[in-house]
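First comes the structure, then the notes that go with it.
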Amino acid sequence: MNFDWHYFFTLFSHLPAYIPVTVLMAIMAMILAVIIGGIITSLQLSDFFGFRYFAAVYISLFRGMPTLVQLFLIFYGLPQLFPSLRGMPALVAVIIGLGFKQSSYLAEIFRAAITSVDHGQIEAGQSLNINRRKLFLHVVLPQATINALPATGNTFVSLLKETSLAFTLGLTELFGDGKMLAGESFRYFETYLAVGLLYWLLIIIYTWLQHIVEAILAKPYRRNLNVIHRSKKAVRTDRAETSLETH
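Quick note: the sequence shown uses this note's numbering, first residue -2, plus one each step.
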C-alpha cells in the first residue's frame, strides 16, 4: 500500500495552525445566525400576516439556495451592485454568508422550541397578571433554550464543516491549507485524511462541551421534577395508609 506514514504525521504539525481561523469563522457566523434566527422567529410568531409571510419566504430562500452560491453572491455580486463594498474581506463574506444560511434553520428550531412550552404555564402566568415580557424571559425562554440546545448544537456542527467552503473565496483555513499541501505533495489521500480527522476532533470536543452545557442548564429542572415526583409519591403513600386505616 502506497501510504506515506511519515508525511501523514508531519501534517499534524502544520495543519492545526489554521484551526483558530476555522473556529473563529464558525463562532462568528453562529452568533450572527442566532441573532438573525431570533428575529425571524419573532416574525414567525407575530400576529401580523406580512411579518409571517416575510419570514416564510426568507427561510425558504436561504434553505433552498446552495451555500456556495450565497457566498459568491455576497463576495462577488454585492460589490458589483454597491461599489462601497469593494474590497470586502473574504472572512467577512464567509461569516455573513454562513450566518444567513444557518439562521434559516435556527429560526425553525427556535420556533419549535418556543411553541413546545406548555401553554398552561403561560396561562397561569397571565392569570397572575405577569406581563408578557417577564413571562417570556422567566417562563418561556429558559425552557425553550433547553429544548432548542440539541438541535442548535447540530446546526453548529454543520456550520463548522461548511467553513471548508471558505477556500473558494481565497481564504486559507484548515481545508484550504490542506488543499494547497495536497497540490504541492501529490499526497492527496494522506492530506485529506488528516484534514478530515482534525475536523472530526473539533466536532468531538464541541459535542463534549455541549453535553456539559446541557447538563448544567437542565439541572434545575431535573431537581424540580424530582421534587414533584417525591410529592406525588408521598400523596399516594398517604392515600394508601388512609385506605388501610379505613378498612
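Glycine is no exception: its CB is placed at the ideal position from the N, C-alpha and C atoms.
Compute the Euclidean distance between the alpha carbons of residue i and residue j, then round it to the nearest angstrom.
| i | j | result |
| --- | --- | --- |
| D174 | L199 | 16 Å |
| G167 | F183 | 20 Å |
| S161 | Q207 | 22 Å |
| I36 | S10 | 42 Å |
| L82 | A26 | 19 Å |
| I16 | S155 | 16 Å |
| G84 | L171 | 23 Å |
| I202 | L8 | 20 Å |
| F133 | T112 | 12 Å |
| L222 | T204 | Low local confidence applies: a pLDDT of 47 at L222 is under 50, so the model's placement there is unreliable, with the coordinate-based value given in what follows. Using only the alpha carbons, I get a separation of about 26 Å. |
| A304 | V89 | As shown, the chain starts at -2 and ends at 244. That puts residue 304 outside it, with no answer to give. |
| A53 | S43 | 12 Å |
| Y4 | M62 | 39 Å |
| Y73 | L95 | 15 Å |
| G117 | G150 | 28 Å |
| P139 | Y50 | 27 Å |
| A191 | I28 | 28 Å |
| H135 | V31 | 20 Å |
| Y185 | L58 | 36 Å |
| E159 | L178 | 20 Å |
| L157 | G193 | 12 Å |
| N128 | P76 | 46 Å |
| F69 | P80 | 16 Å |
| K229 | D115 | At K229, the pLDDT of 47 sits below 50, so the modelled position is not reliable and the matter cannot be decided from this model. |
| K176 | W2 | 18 Å |
With 16 as the cutoff for other CB atoms within 10 Å, does residue i come out buried or exposed?
| i | result |
| --- | --- |
| E252 | Nothing about residue 252 can be reported from this structure: the residues present for the chain run from -2 to 244 only. |
| R60 | exposed |
| M22 | buried |
| L12 | buried |
| F0 | exposed |
| Y102 | buried |
| K98 | buried |
| L65 | exposed |
| K78 | Note on residue identity: the sequence assigns Leu, not Lys, to residue 78. Burial call: exposed. |
| L125 | exposed |
| R108 | buried |
| E120 | exposed |
| Q67 | buried |
| A14 | exposed |
Would you check if the distance between the CB atom of residue i and the CB atom of residue j is smaller than 7 Å?
| i | j | result |
| --- | --- | --- |
| A141 | A110 | yes |
| L40 | F48 | yes |
| I71 | I93 | yes |
| A104 | T38 | yes |
| I106 | A145 | yes |
| A163 | V91 | yes |
| I143 | L195 | no |
| S100 | I33 | yes |
Helix, strand or coil for residue i? Go by DSSP, reduced to three states.
| i | result |
| --- | --- |
| T19 | helix |
| H11 | coil |
| T165 | helix |
| S100 | helix |
| D174 | helix |
| F45 | coil |
| V114 | coil |
| P80 | helix |
| M62 | coil |
| Y4 | helix |
| A109 | helix |
| M85 | coil |
| R184 | coil |
| L206 | helix |
CB of residue i to nearest heavy atom of the ligand HEM: below 6 Å?
| i | result |
| --- | --- |
| S100 | As presented, the structure is devoid of all ligands, the ligand HEM included, so that no description of it is given. |
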